[in-house]
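Notes follow the structure.
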Amino acid sequence: MSLNVLIVDDSAVMRAMVARTLRLSGLPVGEIYEASNGAEALDMLDKYWIDLALVDIHMPVMNGEQMIERVKERPDTADLPIVVVSSEGSIERVENLRNQGVLFIQKPFTPETLKHVVENVVGVKHDTDRTGAFQSNGADF
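Throughout, my numbering is defined as the position within the sequence shown, counted from one, plus 3.
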């Protein structure tokens with residue numbers, strides 16, 4: 004089983020770092036799709052089968068909260084696992100997201116944190132043959 008992941012962030016650099024981290028993690032990653040805002044992400048959800056969405060909050064056109072609200076309203080995507088990856092500092096906002104069943108990773112984060120959260124959200128374990136390739140040496144993203 005491979006995971007198709009949608010990375011939603013207005014920073015192309017952050018999308019690339021998250022994608023690379025996922026690829027090196029040893030997790031069974033299939034396709035990685037990218038969107039620079041919530042509206043693009045909703046279009047991607049119409050076109051592709053997505054197993055997990057990693058979403059920033061602060062984006063132009065449609066922010067992460069608006070996108071999550073729309074995803075949760077749609078019967079075909081209501082159960083999509085979503086992890087917010089953001090520098091958001093508002094405890095109230097984070098709690099609101101958690102009440103919607105969304106997990107939260109604070110930026111900056113370590114590759115190990117991302118891997119651990121993804122494993123828990125989608126219920127998969129890493130490929131033990133590739134774990135040696137996944138060393139961050141304490142780097143934060």
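In this text, a Cβ means the ideal position worked out from N, Cα and C, and glycines have one as well.
The model shown is predicted, which means the values in this text are computed figures rather than measured ones.
So G33 and L55 are supposed to be a Cβ contact under 8 Å. How far apart are they, rounded? Within the sequence shown, the letter at position 30 stands for residue 33. Within the sequence shown, the letter at position 52 stands for residue 55. Contact annotation, G33 with L55: C-beta distance approximately 10 Å; criterion of less than 8 Å not satisfied.
What are the residues that DSSP puts in a beta bridge with I35? What you label residue 35 is simply residue 32 of the sequence shown in a count that begins at 1. DSSP lists V8 as the bridge partner or partners of I35.
Helix, strand or coil, according to DSSP, for A19 in the structure here? Within the sequence shown, the letter at position 16 stands for residue 19. In the structure shown, A19 falls within a helical segment according to DSSP collapsed to helix, strand and coil.
Taking the Cβ atom as the reference point for each residue, do M62 and D13 lie within a distance shorter than 8 Å? On the sequence shown, position 59 is the one that residue 62 refers to. On the sequence shown, position 10 is the one that residue 13 refers to. Yes; because the gap between Cβ atoms is below 8 Å, this pair is in contact.
Within 10 angstroms of the Cβ of E95, are there 16 or more other Cβ atoms? Answer buried if so, exposed if not. Along the sequence shown, one-based indexing puts residue 95 at 92. Counting the other CB atoms within 10 Å of its CB gives E95 a total below 16, which places it among the exposed residues.
Member of Y51, L30 and G29 whose CA lies at the smallest distance from the CA of L9: Your numbering for residue 9 matches position 6 in the sequence shown. Cα-wise, what sits closest to L9 is Y51.
Note down the Cα distance separating R73 from V21, rounded to an integer number of angstroms. On the sequence shown, position 70 is the one that residue 73 refers to. On the sequence shown, position 18 is the one that residue 21 refers to. One alpha carbon belongs to R73, the other to V21, and they sit about 23 Å apart.
Going by DSSP, what residues sit across from A56 in a beta bridge? Taking the first residue of the sequence shown as 1, we reach residue 56 at position 53. DSSP output for A56 lists L9 and I85 as bridge partner(s).
Please confirm whether F107 and V121 have their CB atoms less than 8 Å apart. Along the sequence shown, read from residue 1 onward, the residue named residue 107 stands at position 104. Along the sequence shown, read from residue 1 onward, the residue named residue 121 stands at position 118. Result no, Cβ atoms of F107 and V121 do not sit closer than 8 Å.
Which two residues bound the contiguous alpha helix (DSSP H) that contains P100? Within the sequence shown, numbered from 1, the residue matching residue 100 stands at position 97. Pro is not the amino acid found at residue 100; the sequence shown has Leu there. Here the alpha helix (DSSP H) through L100 covers I94 to N102.
Counting only beta-carbon atoms, is V64 nearer than 8 Å to chain D? Annotation note: the requested chain D is absent from the structure, which comprises a single protein chain.
Span separating the alpha-carbon of I60 from that of R26: Mapped onto the sequence shown, residue 60 falls at position 57. Mapped onto the sequence shown, residue 26 falls at position 23. For I60 and R26, the distance between alpha carbons rounds to 23 Å.
If I85 and V58 are in contact, beta carbons under 8 Å, what's the gap, nearest whole angstrom? Translated into positions along the sequence shown, residue 85 becomes position 82. Translated into positions along the sequence shown, residue 58 becomes position 55. With 8 Å as the limit, I85 and V58 qualify as a contact, their Cβ atoms being about 6 Å apart.
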